[in-house]
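Chains as they are written, first to last, in our numbering: chain C, 743 to 944; chain L, 1474 to 1752.
Here is the structure:
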């Protein structure tokens, strides 16, 4: 999801990481810019709420910044970032219990008090080319947001990374530190659970 | 003969072409004759397509500045933490015995009998706050000096913590060695052990230090206390400390110290989360 307007993205992640490790804040800022949309999107898929997702994404980058000097190139920066995010997401109930409780609006629910207002996501998201596809995506997005909550974390993470983020099995295996076979079986089980939940939810 | 239930359990793997030949053929055959399961497959396809089609979430214009605010906020605190905290904390030199990723902290805590004793302690909160603001100013300059001091104190660790406790700690910190040698902790004074599985052990170690000093700050300045590793702490505080550790990752209390003495040794073992049984 790199921003096409960023023609200056010439440095590799590795080069930016090395600079960031030497204390170059601009380099870390570039890394945030490169991954903010991915991180925010995955965070939103996980928590289903806008403000919580932004908090989670912010915390992910903060943890990455704090730990970057110890980051070894055993994983790619992206894989590592996903690891931090998923681990924070999995622990977020405890984390939120300590820090704050916020119930906030969904991208797919009407924004503000007015129940007829368009969903927040439609107010700010780039419009999809086809309005019908867009409406369908919004309806599905809202249903999947609610039902994903019921899926156990280890399957939820695989479904999000594989089916929504389109990561490869190999990368997911590295992110979750699980064998590829485990990733596959969790994907299949997760899809089955999600499908079932979507049907019940209708 | 494949039943509809069996067929549906396999649909996702079937769709990905991950079934071995006999199973795939059995499903082919079942699907050819079962409209209901074909419909299920079509629904699965649609669900996957819709998931792939979900639009990315837009990034608020101020997102990066929010991240930087979070980072800057912590940086001041981290400097402060190093200034006031490092001398008290011990990264035990047991990594050689333990797995490379193990990090240990040991705090010796003087157990006081109850709240009435706590109440007689002088109110230190205000003094603490003043001290903190002074230290914050000098923090950066003190960093190098503190690191030296920290190293010196690390060397005196063995005097501060009795040898049998150290041995137990080392045994606990090396699961493999513990299994093979069967370290008998019953005959030793065992520390109170908390095992924490954290996504990022290094970051967790820092965070735990900050957290512990927060919990102990009312108890840190005991004039009669010549041992820098001693804190007076009530049982309630100890419980708070334990409860708070939940924040940092999956957590288990390995076992409780059986000592009836007036001090208790707390050992917090921080492991990478991949070793967790809870995953």
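Backbone N, C-alpha and C define an ideal beta-carbon position, used for all residues, glycine too.
Whether residue i touches residue j by CB criterion (8 Å)
i	j	result
residue 925 of chain C	residue 915 of chain C	yes
residue 830 of chain C	residue 796 of chain C	no
residue 803 of chain C	residue 774 of chain C	yes
residue 1820 of chain L	residue 937 of chain C	Absent from the structure is residue 1820 of chain L, since the part of chain L shown begins at 1474 and ends at 1752.
residue 1518 of chain L	residue 1488 of chain L	yes
residue 1673 of chain L	residue 810 of chain C	no
residue 1520 of chain L	residue 903 of chain C	no
residue 819 of chain C	residue 766 of chain C	no
residue 1532 of chain L	residue 779 of chain C	yes
residue 790 of chain C	residue 887 of chain C	yes
residue 821 of chain C	residue 893 of chain C	no
Limits of the alpha helix (DSSP H) - the one that residue i falls within
i	result
residue 757 of chain C	755-763
residue 799 of chain C	792-809
residue 1531 of chain L	From DSSP, residue 1531 of chain L is part of no alpha helix (DSSP H); its letter is neither H nor E.
residue 770 of chain C	767-789
residue 1477 of chain L	1477-1488
residue 932 of chain C	922-943
residue 1522 of chain L	1508-1525
residue 897 of chain C	895-901
residue 829 of chain C	819-832
residue 909 of chain C	Taken as a continuous stretch (DSSP letters only), residue 909 of chain C belongs to no alpha helix (DSSP H), as it is neither H nor E.
Closer than 8 Å at the beta carbon, the chain L residues around residue i
i	result
residue 886 of chain C	1523, 1524 and 1527
residue 910 of chain C	Going along chain L, no residue has its Cβ under 8 Å from residue 910 of chain C, so there is no contact; the nearest lies around 12 Å.
residue 775 of chain C	1537
residue 724 of chain C	Past the boundaries of the shown model lies residue 724 of chain C; chain C is included only from 743 to 944, so the question cannot be answered.
residue 1011 of chain C	For chain C, the structure presents residues 743 to 944; residue 1011 of chain C sits outside this window and is missing.
Local Cβ density within 10 Å of residue i, reported as buried at 16 or more and exposed below that
i	result
residue 768 of chain C	exposed
residue 1694 of chain L	Residue confidence for residue 1694 of chain L is low, a pLDDT of 40 falling below 50, so the modelled location carries little weight; the figure read from the coordinates is stated next. When all chains shown are included, residue 1694 of chain L counts as exposed.
residue 907 of chain C	buried
residue 1538 of chain L	exposed
residue 762 of chain C	buried
residue 1494 of chain L	exposed
residue 890 of chain C	buried
residue 1506 of chain L	exposed
residue 752 of chain C	exposed
residue 1486 of chain L	buried
residue 800 of chain C	buried
residue 909 of chain C	buried
residue 1542 of chain L	exposed
residue 794 of chain C	buried
residue 776 of chain C	buried
residue 764 of chain C	exposed
residue 1671 of chain L	buried
residue 805 of chain C	buried
residue 1559 of chain L	A caution first: residue 1559 of chain L carries a pLDDT of 34, below 50, which makes its placement in the model too unreliable to give a value.
Within chain C, partners of residue i - CB distance below 7 Å
i	result
residue 1673 of chain L	805, 809 and 826
residue 1514 of chain L	Neighbours of residue 1514 of chain L on chain C: none; closest Cβ ~11 Å, over 7 Å.
residue 1502 of chain L	Neighbours of residue 1502 of chain L on chain C: none; closest Cβ ~20 Å, over 7 Å.
Chain-order list of residues whose beta-carbon lies under 6 Å from that of residue i (same chain, five-residue window excluded)
i	result
residue 788 of chain C	831
residue 931 of chain C	897
residue 758 of chain C	769, 772 and 773
residue 1477 of chain L	1510
residue 824 of chain C	917
Under 9 Å by beta carbon: chain C residues contacting residue i
i	result
residue 1491 of chain L	926 and 930
residue 1517 of chain L	933, 934 and 937
residue 1543 of chain L	800, 801, 803, 804 and 807
Chain-ordered chain L contacts of residue i [CB-CB under 7 Å]
i	result
residue 897 of chain C	Ordered by position in chain L, no residue passes the 7 Å Cβ test against residue 897 of chain C, which lies about 11 Å from the chain.
residue 882 of chain C	1523
residue 762 of chain C	Those do not exist, as residue 762 of chain C stays about 12 Å from chain L at its closest Cβ, beyond 7 Å.
residue 984 of chain C	Any answer about residue 984 of chain C is impossible in this case: the structure gives chain C only from 743 up to 944.
residue 783 of chain C	1529 and 1530
Cβ shell of residue i (< 7 Å), same chain only, five flanking positions each side left out
i	result
residue 723 of chain C	The requested residue 723 of chain C is not part of the displayed model; chain C covers only 743 to 944.
residue 928 of chain C	896, 897 and 900
residue 1513 of chain L	1481 and 1484
residue 911 of chain C	922, 925 and 926
residue 881 of chain C	none
Same chain, Cβ closer than 8 Å to residue i, five either side skipped, listed in chain order
i	result
residue 1475 of chain L	1499, 1500, 1502 and 1503
residue 933 of chain C	901 and 905
residue 943 of chain C	885, 888 and 889
Contact set between residue i and chain L, taken where Cβ atoms lie within less than 9 Å
i	result
residue 892 of chain C	The contacting residues do not exist; residue 892 of chain C stays about 15 Å from chain L at best.
residue 791 of chain C	None at all; the shortest Cβ gap to chain L is about 11 Å.
residue 795 of chain C	1530
Proximal chain C residues relative to residue i, where beta-carbon distance stays under 8 Å
i	result
residue 1495 of chain L	What residue 1495 of chain L touches in chain C: nothing, since even the nearest Cβ is about 18 Å away.
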